Amino acid sequence: MKRKLRIPDGRPLAYFLPTLTIKAKDFASELTSHNVTEKDLKGENAISKEHVDNNLAVRKCLFNVV
Numbered sequence: 002m003k004r005k006l007r008i009p010d011g012r013p014l015a016y017f018l019p020t021l022t023i024k025a026k027d028f029a030s031e032l033t034s035h036n037v038t039e040k041d042l043k044g045e046n047a048i049s050k051e052h053v054d055n056n057l058a059v060r061k062c063l064f065n066v067v
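Going left to right, the sequence shown walks through residues 2 to 67 as the numbering used here numbers them.
So this is what it looks like as C-alpha cells:
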C-alpha cells in the first residue's frame with residue numbers, strides 16, 4: 002500500500018490515509034482475528050490467506066475495487 006501511494010519507507014502509513022481507510026483496515030484485521038477463532042485456523046499460511054481475503058472483501062465493499 003505504501004508503494005502504491007508513494008509513501009516513504011520511514012513514514013507511517015496512517016499519516017497519509019483518510020480515517021475511513023484506517024478504520025477499514027482495522028475492521029479487516031478484526032474480522033481476521035474473529036475468523037481465526039471461529040474457523041479454528043492454524044498456521045501462518047491459513048491465517049495469512051484469511052487476512053488477505055478479508056482485506057480484499059472490505060476494499061471491495063467500501064471502494065468497489067479489487
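The beta carbon of each residue, even a glycine, is placed where N, CA and C say it ideally should be. Computed from a prediction, not measured in an experiment: that's the story for all the values here.
Inset, instruction - Round the Cβ separation of M2 and L14 to the nearest angstrom and send it over; I've been treating them as touching at under 8 Å. - result: Working through the sequence shown from its first residue, we reach residue 2 at position 1. Working through the sequence shown from its first residue, we reach residue 14 at position 13. Rounded, the Cβ-Cβ distance is 6 Å, consistent with contact.
Inset, instruction - Quick one: measure Cβ to Cβ for L32 and N55, integer angstroms, because I've assumed they're closer than 8 Å. - result: Sequence index remark: in the sequence shown, residue 32 carries index 31 (1-based). Sequence index remark: in the sequence shown, residue 55 carries index 54 (1-based). L32 to N55, Cβ: 4 Å. Contact.
Legend entry - Beta-carbon proximity list for F28, same chain, < 8 Å, skipping 5 on both sides: In the sequence shown, residue 28 corresponds to position 27, counting from 1. So the list reads V59, once near-sequence residues are dropped.
Inset, instruction - Give every residue of the same chain whose Cβ lies closer than 6 Å to the Cβ of R7, excluding the five residues on either side of it in the sequence, and list them in chain order. - result: By 1-based counting over the sequence shown, the position of residue 7 is 6. So no residue of the chain qualifies.
Legend entry - Alpha-carbon spacing of R4 relative to V53, whole angstroms: To locate residue 4, count along the sequence shown from 1; it is residue 3. To locate residue 53, count along the sequence shown from 1; it is residue 52. As the crow flies, the alpha-carbon of R4 is around 17 Å from that of V53.
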